[in-house]
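Notes follow once the structure below has been shown.
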Amino acid sequence: MGDILVETKNEEHLKVQEYVQYLKTKENVREFLDKAGIEAFLRSAEKSVNGLTVDVIVRFSVEKK
């Protein structure tokens, strides 16, 4: 089965308060994906084509200026 992957980049550049908000946002995104039934949808899609794997990547990237 495919995966839902959460990747992060440069989160160490955040100040403490920003990091706390970042963690809340990251958790909210995960909850949204869970409630939306994404994993069940992916399982169904993968069963429709022999050998198909679907990965969903959520990428958080901090580009501080």
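Take the position in the sequence shown, starting the count at 1, then add 106; the result is the number in our numbering. Don't be surprised by glycine CBs; every beta carbon is placed ideally from N, CA and C. Quantities reported herein were computed from a predicted structural model and do not represent experimental measurements.
By the C-beta density criterion, L111 is exposed, having fewer than 16 other C-beta atoms within 10 angstroms. Counted as a single uninterrupted DSSP element, the stretch harbouring E118 is not any beta strand (DSSP E), since DSSP gives it neither H nor E. Taken atom to atom, the span from the alpha-carbon of E152 to that of E113 is near 22 Å. A142 has its alpha-carbon roughly 12 Å from the corresponding atom of N134. Closest by C-alpha distance to V164, out of L120, R149, F138, is F138.
Of the residues assessed, L148 falls on the buried side of the cut-off, its CB having 16 or more other CB atoms within 10 angstroms.
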